[in-house]
Structures are given as C-alpha cells and as structure tokens.
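In this note's numbering, the protein residues as written are 9 to 570. Below is one structure, written out as structure tokens; comments come after it.
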C-alpha cells in the first residue's frame, strides 16, 4: 500500500511534533505499519497517533506488520529510524478486535465480523494484507461459493476467485480426499478394463511421450534460435527463453504425432480384416494378437508418411512467409531429424496387448527412474519433469478416450478431468513459487509427498545452495507422515523433524552421525537436530505460518519446502 495524498496532513502534524520536541533521538516507537513505500513508513502508534519515518534497516515491510523502531536521527523535518531488536509485546501481536479494526479502518474496509474473520485468516497464513484480496475473499463468502475464510483468502490471493473448477480441488487437497498420486494410480488401473484398441493407443502414446521427454534438444534449440537471432548469439540467451523453445518443440511434437491418430489403429483394422477373410470373429487373441504400429513416424520413406511431420510444421510455422523459405526449410530439416530420433527410441515392432498393459502400469516407476533426485534412501522426480510428463500422458489418455467406445469411458474421463484440473491448479498457485503432490520411492516403496517452493522476500533468481530453507512432508509405510524443516545459512545446517509418535525420535537421532558425515563431505556443517511431535498437518493455507513459527524469527521466511 502506497502513501497517498490524503495522509499529507498527518505528515505535517508529525513535523510539528518534531519541532515541539515531542519526538527525539533515542526514542523507541512501537506501532503497526499502515502504509509503506520504498523505506518510508506510516505507522499507527500504541496511543493511536500516526507518524511517518524513513527506515535505514534493510527489509521489506507490509501493511499490518508490528515494529519496534528506534529514532536515530532527525533531519529537515524527517525522522530516520532503525528496527529495534527487542521483541514486540505479545498484546500487540494478537488479533484483538481493536487491532483488527485498526487495520480494516486503514484499508477503508467495513469493520464487521466477516471482514475480521478474513483478516484473521490472512494473518494466520502469514501473507501480505491487501484490500483487494480481502474484498475478493469477502465476495466468495457472501456469495456462498466458499464457506471457510482460509480457503477464500487462498483463492483470492492466487487470483482463483473466478475459477470455480478449482474450488473442489482445494477442498479435496485440504481434506486429504484428493491425493494426486493415488488418483493417478487408480486411473491407470482403470485403463486396463478399456477395449484393447484404446489400451494399445494409450501405450503407444506413452512410448512416444517417453521418447520425446528423453530427447536432447540442446543443439536443435540452438539452431532454431540462431536462425531467428540477428546477432546469432543463441548460446548467450537467457535459460528461460531456451526452456520455452524446448517445451514448445516437445509439446508440438507430442500433440501433432498423437493427433495424426495413426498409431495402432491401422494395424488393428488390418488384423480384424484378416479375421473376417478367414471367417473368424470376436476379440483379437491367440496367434492374431492386437498390435500397434509406429510406421507413421517414417518421415523419409513416402509422401503419405509426411502427415505427422506436416502437422508439426503447421504448429511451429502456422503462417509461412514466402520470402523466408530458406530459413523455414532449415527448421523443417531440424524437426525432421528430431522425429527420426524419436523413432529410434521406439520398439522396432508393434505392441501386443500384454506389452501395452505393462507399459501403462509401469509408467510412473519409469518416470521416477529416468528424471530423479536420488539419495541412498529415496528417489523423487524433478518437479518440472514430472509436470511435463504428467501433462503429456493426460493429453494422450484424453485423446484416446475420445475415440473409445468402451462403456467405462465416461468414468475414466471424469478421473482424467479431475487430474488435469488439479495439475493446472498446482501451476496457477502464485502464493508459492511452486506446489505439487508428487510420487517418490522411499526405501523401495512407492509413496508420495508434498513439495512447497516458497516465495522469498527481497531475493530473486535461483536458490542459493549455501543459504536456503526447506520443508519436507512425506508419507511413509512404517512411520506415518513425517515432516522436517531444514535451515541452511552459510552452509550451517539446522534440522527439525516432526513425527507422529515420540517412539520414533530415537530412530531419528541414530541417523545424526551418518547425516553429519554426509553433509560434511559436501561442505556443510550440521550443527543442530531436534525432534518434536507432529501436530496439525502442513497444508496450502497454513504452511507459511507454521514454518515461520517453528523454525525462524518473525523477520525471516522459508525459501523452499519439499
């Protein structure tokens, strides 16, 4: 919230106070921030008066923050302050009716129970107090779209107030009725009861998706960027730009190949025609097994097999420019080479129905083995790789179901829609850098965990491996749900573990030496490890506040949570 012209009179009153000697160097001012702009603060003090001051202390201040400030200088009618290290009195931190009313009044909002409940939810979530978000949350509750203030606040702060399809997803995640990994495995299991043609089509799509995900497109991306760069400096472009080009190429390859609708179906019809000629009928079985076919990727053999390639080029270059034909021909060659690399990674023969089922059922394990963060005890996929792989597979399943005549089609489509919506929900969250429920292998058991990558105040760019914080929450087979806070400052590591039973504390402490030695080999110093009982679970609404309360002083924030 910026200081506006309506407050100029208050600033003039402050100057008068200074001139009268009512404020002097060394005074400690305790108050709540009601406006902040580039180090200039407007505060309401405990006596109700309002003052303005410029802080010399590094940090970002938000509306509602309660500060102890020491006056260090008065210059030309402006007082300079620094944040006092003393703890703010508990009474000022509490969400009393008076304190909440002061904040609502400063925001120009009505002072009533609904607005107060929303403001409490904001403070419990440890996020910035914003008038627009409070208004959006109030509308959600007033329109009876959402009952819980915490959920309304989360939706408002993440610009989801108008996305009603996300409301049940949030409720499901908070109520533990939607666990993405379990829903995914259930959907994969249900695919097994579809007709054989659809099963093979999905399996072929999964193989194509895996082949595309495994592609090293570095050289191809460099060539394409260089063609469209006047300076030819492809190698120096920002990594995010290169990632966008890479994603676009891979997504276009997958969508265009799947849309050609030629994998598997042609060979299935061929086998069925052979059966008809032999006077047989029924499902394909025995020596006449249903098989898939990847010949549609033979882009250099015939005009007919150019269909997939042409579809891809129309996606990449929807409006070819005649004068630019030479450059377009070069891109065509690059894409054709990528298609051939995809073909090289696929089986030389078609798929039997048994092979197709094995491919589909083993798809999750294959992802974790291929793109993973590994340790001696656990493997988990990289978030970006998991998202791309899951998006691709959901697209493949949806496309195959569109052509299926199976009576189970609608039930599986509903599950796929929920998974697709949940994945979009994860990616639309902006109150965290990223959030996802992902699968992982823990001591050879497939389970799941939640990842929170937290926003960092006053910091940009990638996380610093010498200075970060991590929250880990995962479900285990024998120990229930475990939580851990990891704080790293200048390579000094502090670890706090939360378990459901005190009996497990000894197990955690037994690992201290192993963990200490492992970290020491990597240049880190494990200086503290503590165990505590896990009480209320961490979730999307309370994660920020829980982390701050358990691990850090109020002025620090979690950078990353897994």
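Glycine included, C-beta positions come from ideal geometry on N, C-alpha and C.
Check your understanding: So, helix, strand or coil for residue 462, using DSSP?
Key -> As a working note, residue 462 is residue 454 in the chain shown. Residue state, collapsed to three classes: coil.
Check your understanding: Can you give the Cα-Cα distance for residue 335 and residue 497, rounded to whole angstroms?
Key -> Taking the first residue of the chain shown as position 1, residue 335 is located at position 327. Taking the first residue of the chain shown as position 1, residue 497 is located at position 489. The alpha-carbon atoms of residue 335 and residue 497 are separated by roughly 50 Å.
Practice item. Could you tell me whether the region 208 to 215 touches the region 403 to 417, where touching means 3 or more Cβ pairs closer than 8 Å? Key: yes
Review point. What is the DSSP secondary structure of residue 535, counted as helix, strand or coil?
Key: On the chain shown, position 527 is the one that residue 535 refers to. Strand, per DSSP.
Exercise for review: Grab me the residues of residue 250's own chain with a C-beta within less than 6 Å of its C-beta, minus the 5 sequence neighbours each way, in chain order.
Suggested key: On the chain shown, position 242 is the one that residue 250 refers to. Answer for residue 250: 229, listed in chain order.
Exercise for review: With a 10 Å radius around its C-beta and 16 neighbouring C-beta atoms as the bar for buried, classify residue 123 as buried or exposed.
Suggested key: Here residue 123 corresponds to residue number 115 of the chain shown, with the count starting at 1. That one is buried.
Check your understanding: Which residues mark the beginning and the end of the alpha helix (DSSP H) in which residue 597 is found?
Key -> Since the first and last residues shown for the chain are 9 and 570, residue 597 lies out of range.
Review point. If you drop the 5 nearest sequence neighbours on each side, which residues of the same chain put their C-beta closer than 8 Å to that of residue 182?
Key: In the chain shown, counting from the first residue as 1, residue 182 sits at position 174. Around residue 182: 159, 547, 548 and 549.
Review point. CB-CB under 6 Å to residue 449, same chain, minus the five flanking residues each way: which ones, in chain order?
Key: The sequence position of residue 449 within the chain shown is 441, counting from 1. Excluding residues within five positions, the ones whose Cβ falls inside 6 Å are 376 and 387.
Check your understanding: Would you say the region 390 to 400 touches the region 141 to 154, given that touching needs at least three Cβ pairs under 8 Å?
Key -> Because the criterion of three Cβ pairs below 8 Å is not met, the region 390 to 400 and the region 141 to 154 do not touch.
Point to revise | Spatial neighbours of residue 438 in its chain, beta-carbon cut-off 8 Å, leaving aside the 5 residues before and after | key: Taking the chain shown and counting its residues from 1, the one referred to as residue 438 is at position 430. Once the five neighbours on either side are set aside, the close Cβ partners of residue 438 are 165, 166 and 167.
Practice item. Determine the DSSP secondary structure at residue 525, reduced to helix, strand or coil. Key: Taking the first residue of the chain shown as 1, we reach residue 525 at position 517. Residue 525 falls in the helix class under three-state DSSP.
Point to revise | Helix, strand or coil at residue 335 according to DSSP, with G and I counted as helix | key: On the chain shown, position 327 is the one that residue 335 refers to. In this structure, residue 335 counts as helix in the three-state DSSP scheme.
**Study point:** Validate contact between the region 409 to 428 and the region 178 to 193 using beta carbons, cut 8 Å, 3 pairs
**Key:** yes
Review point. Is it buried or exposed for residue 157, if we count other Cβ within 10 angstroms and need 16 for buried?
Key: Within the chain shown, residue 157 is the residue found at index 149, counting from 1. By the 10 Å Cβ count, residue 157 comes out buried.
Review point. With 16 as the cutoff for other CB atoms within 10 Å, does residue 357 come out buried or exposed?
Key: Locating residue 357 in the chain shown gives position 349, where the first residue counts as 1. It counts as exposed.
Check your understanding: If you draw a straight line from the C-alpha of residue 436 to the C-alpha of residue 445, how long is it?
Key -> Residue mapping note: residue 436 aligns to position 428 of the chain shown, counting from 1. Residue mapping note: residue 445 aligns to position 437 of the chain shown, counting from 1. When rounded, the distance between both Cα atoms is 14 Å.
Review point. Residues in its own chain within less than 6 Å of residue 417 by CB, not counting five upstream and five downstream?
Key: As a position in the chain shown, residue 417 is number 409, starting the count at 1. Once the five neighbours on either side are set aside, the close Cβ partners of residue 417 are 409.
Exercise for review: Report the residue from 196, 75, 187 and 258 whose alpha carbon sits nearest the alpha carbon of residue 396.
Suggested key: What you label residue 396 is simply residue 388 of the chain shown in a count that begins at 1. Here the closest residue by C-alpha is 258.
Review point. Do you know how far the Cα of residue 441 is from the Cα of residue 265?
Key: Locating residue 265 in the chain shown gives position 257, where the first residue counts as 1. Locating residue 441 in the chain shown gives position 433, where the first residue counts as 1. Cα to Cα, residue 265 sits roughly 32 Å from residue 441.
**Study point:** Residue of 488, 489 and 519 minimising C-alpha distance to residue 503
**Key:** Taking the chain shown and counting its residues from 1, the one referred to as residue 503 is at position 495. Considering only alpha carbons, the answer is 519.
Check your understanding: Short check: CB of residue 214 to CB of residue 368, under 8 Å?
Key -> One-based indexing of the chain shown puts residue 214 at position 206. One-based indexing of the chain shown puts residue 368 at position 360. Taking 8 Å as the cut-off, the beta carbon of residue 214 is found closer than this to the beta carbon of residue 368.
Check your understanding: Should residue 44 and residue 60 be called a contact, given that it needs their Cβ atoms to be closer than 8 Å?
Key -> Here residue 44 is taken as the residue at index 36 of the chain shown, counted from 1. Here residue 60 is taken as the residue at index 52 of the chain shown, counted from 1. Result no, Cβ atoms of residue 44 and residue 60 do not sit closer than 8 Å.
Check your understanding: From what residue to what residue does the alpha helix (DSSP H) around residue 114 run?
Key -> Your numbering for residue 114 matches position 106 in the chain shown. Unbroken alpha helix (DSSP H) run through residue 114: 105 to 115.
Review point. Roughly how many angstroms separate the alpha carbons of residue 178 and residue 337, rounded to a whole number?
Key: Locating residue 178 in the chain shown gives position 170, where the first residue counts as 1. Locating residue 337 in the chain shown gives position 329, where the first residue counts as 1. Those two C-alpha atoms are separated by around 47 Å.
Review point. Near residue 517, which residues of its chain fall below 8 Å by C-beta distance, leaving aside the five closest residues on each side in sequence?
Key: Position 509 of the chain shown holds residue 517. Here the set comprises 537 and 539.
Exercise for review: Could you check what DSSP says for residue 505 in three-state terms: helix, strand or coil?
Suggested key: For the purposes of this step, residue 505 is identified with residue 497 of the chain shown, where counting begins at 1. In the structure shown, residue 505 sits in a strand (DSSP, three-state: E or B).
Review point. Does residue 364 get closer than 8 Å to chain D when you measure Cβ to Cβ?
Key: No chain D is present in this structure, which holds just one protein chain.
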